[in-house]
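Residue 298 in the working numbering sits at position 286 of the sequence shown; the count goes up by one each step and never skips. Take a look at the structure set out below.
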Amino acid sequence: MLSLSVLLAVISAVSAHCTNVNGEVVIDYNWRWLHDASGTNCYDGNKWTSACSSATDCASKCSLEGADYAATYGVTTSSNALSLKFVTQHAYGKNIGSRHYLMNSASAYEMFTLTGNELAFDMDADGGMAKYPTNKAGAKYGTGYCDAQCARDLKFVGGKANIEGWVPLSNDTNAGVGPYGAYCAEMDVWESNSHSFAVTPYACTNNAYHVCETSGCGGTYSADRFAGDCDANGCDFNPYRMGATGFYSKGKTVDTSKKFTVVTQFSNNKAFGDRDRFSEVGGFSKLNSALSGKWVLVMSLWDDYYANMLWLDSPGAARGDCPTTSGVPAEVENSLASATVTYSNIRFGPIGSTSA
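Structure follows, in structure tokens:
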């Protein structure tokens, strides 16, 4: 049976009072089956097919399908826990990782104001349906993703298909890069594996969702990473990089072989001598503006075809203890196919209200 979303209980805390909220989680549209009215694939493997021919043609002809979350994507929920499998073999092939959003209703994302203030910039809680009329799917199908690296591996951007100029990735049978990307401010509250973690805010001169094009995007797939209007690297805090090499990993102070809760903080790039892109895009003024707006919670499990995740855990810049030859997706997907992650007991409320 196909469904648009799966149920998940979330705790909303106000002062000392906590309330269980029956929420839903929806998978990102980039993972869904995309087809025309006859059931012919609009996108197959890492390429667009002949079922449609242009950005507007694909947006009007192609439809997103519901999902068998467990069988196809390895996604299950139990009360307040969301579990994601890394590799899932299914009837039509193999799925790698997934990305999910917390919903407020059947057609809108749950929005979080991180500093307790009102809206300071617009975020499309309907997945972009109102701003981009050609987007008929909206939040219930998991559309509207954006980040500070100007994601260009998205099949649809700003309500149009990213087909014209799409280039399949040579090392990824499922993904490619298009000319258009989706920019917005980003706050990584937890990026980790069992070896390293980072907490990273990213500011932009324009914090709202907006579309960029080719070399002007900057970020991951552009020759000039800082060509766009966001701080693509962010202002990250990684304990290993700060010298606390015994703090986080299996058997260390925070033992990642066990379930744990951790509180973190971050420092800016001036401590490391990197280019201070954070200040160039507006620094704390723009970041505070973004944090006082509305945010969508994203939960995912993924591997990195661009940099093998070395930015997180390799010793090149003293970020972790993983060899610089590690993290190759083909190797990771084979050796760690059974890997899973579980996000549970999700709580949100004023400072000091979510823990005893």
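Heads up, the beta-carbon is just placed ideally off N, CA and C, and yes, glycines get one too. Remember, predicted model here, so these are calculated numbers, not experimental data.
Boundaries (first-last residue) of the alpha helix (DSSP H) holding residue i
{"i": "L166", "result": "Unbroken run through L166: none, as it is neither H nor E."}
{"i": "A197", "result": "First-last for A197: undefined, no H or E at that position."}
{"i": "V344", "result": "341–347"}
{"i": "T84", "result": "81–85"}
Endpoints, the beta strand (DSSP E) within which residue i is located
{"i": "L94", "result": "93–97"}
{"i": "F209", "result": "209–214"}
{"i": "Y355", "result": "352–356"}
{"i": "T68", "result": "Premise fails: T68 lies in the alpha helix (DSSP H), 67–73, not in any beta strand (DSSP E)."}
Opposing strand residues paired with residue i [DSSP bridges]
{"i": "R253", "result": "Its beta-bridge partners do not exist; DSSP assigns none."}
{"i": "I108", "result": "V99"}
{"i": "A187", "result": "None; A187 has no bridge partner."}
{"i": "F272", "result": "F272 pairs with nothing; no bridge assigned."}
{"i": "T64", "result": "Reading off the sequence, residue 64 comes out as Cys, not Thr. Looking at the DSSP assignment, C64 forms no beta bridge with any residue, so it has no partner."}
{"i": "S90", "result": "A93"}
{"i": "Y192", "result": "E225"}
{"i": "C242", "result": "C216"}
Where residue i falls: helix, strand or coil (DSSP)
{"i": "C229", "result": "coil"}
{"i": "A319", "result": "coil"}
{"i": "T31", "result": "strand"}
{"i": "G295", "result": "helix"}
{"i": "W314", "result": "coil"}
{"i": "L303", "result": "helix"}
{"i": "W43", "result": "helix"}
{"i": "K172", "result": "strand"}
{"i": "K152", "result": "helix"}
{"i": "F290", "result": "helix"}
{"i": "D56", "result": "strand"}
{"i": "D393", "result": "Since the displayed the chain opens at 13 and closes at 368, residue 393 lies outside it and no answer follows."}
{"i": "D325", "result": "helix"}
{"i": "A120", "result": "strand"}
{"i": "L76", "result": "strand"}
{"i": "S204", "result": "strand"}
{"i": "D267", "result": "strand"}
{"i": "F133", "result": "Note that F133 scores a pLDDT of 19, beneath 50, so its modelled location is shaky and nothing firm can be said."}
{"i": "S338", "result": "coil"}
{"i": "S261", "result": "strand"}
Supposed contact pair residue j and residue i - C-beta distance, whole angstroms, cut 8 Å
{"i": "A215", "j": "C229", "result": "So it is not a contact: roughly 17 Å between Cβ atoms."}
{"i": "L309", "j": "L96", "result": "Contact doesn't hold; Cβ gap of about 14 Å is too wide."}
{"i": "A93", "j": "S356", "result": "4 Å"}
{"i": "P335", "j": "Y317", "result": "No, P335 and Y317 are not in contact; Cβ-Cβ is about 18 Å, not under 8 Å."}
{"i": "Y252", "j": "R331", "result": "6 Å"}
{"i": "D241", "j": "N218", "result": "6 Å"}
{"i": "W43", "j": "Y85", "result": "6 Å"}
{"i": "A349", "j": "F124", "result": "Contact doesn't hold; Cβ gap of about 33 Å is too wide."}
{"i": "Y121", "j": "A151", "result": "5 Å"}
{"i": "S110", "j": "L324", "result": "Actually they are not in contact, since the Cβ atoms of S110 and L324 sit about 19 Å apart, beyond 8 Å."}
{"i": "D165", "j": "E198", "result": "Not confirmed; about 15 Å, so no contact."}
{"i": "M311", "j": "G339", "result": "Their Cβ separation, rounded to whole angstroms, is 21 Å, which puts M311 and G339 out of contact at 8 Å."}
{"i": "A210", "j": "F272", "result": "Actually they do not touch by this definition, with Cβ atoms about 16 Å apart."}
Residue-level contact to chain D via CB, residue i, 9 Å cutoff
{"i": "E203", "result": "Absent from the structure: chain D. Only one protein chain is present."}
Cβ-heavy atom distance, residue i to the ligand NAD, below 8 Å
{"i": "G193", "result": "The model on display carries no ligand, and the ligand NAD is accordingly not part of it."}
* To do: Say whether the stretch 241–248 touches the stretch 164–177, bearing in mind that this needs 3 or more beta-carbon pairs closer than 8 Å, one atom from each stretch.
  => Segments in contact, no.
* **Meets three-Cβ-pair contact criterion under 8 Å: the stretch 259–268 and the stretch 186–193** => When C-beta atoms of the stretch 259–268 are compared with those of the stretch 186–193, fewer than three pairs fall below 8 Å, so the two segments do not count as touching.
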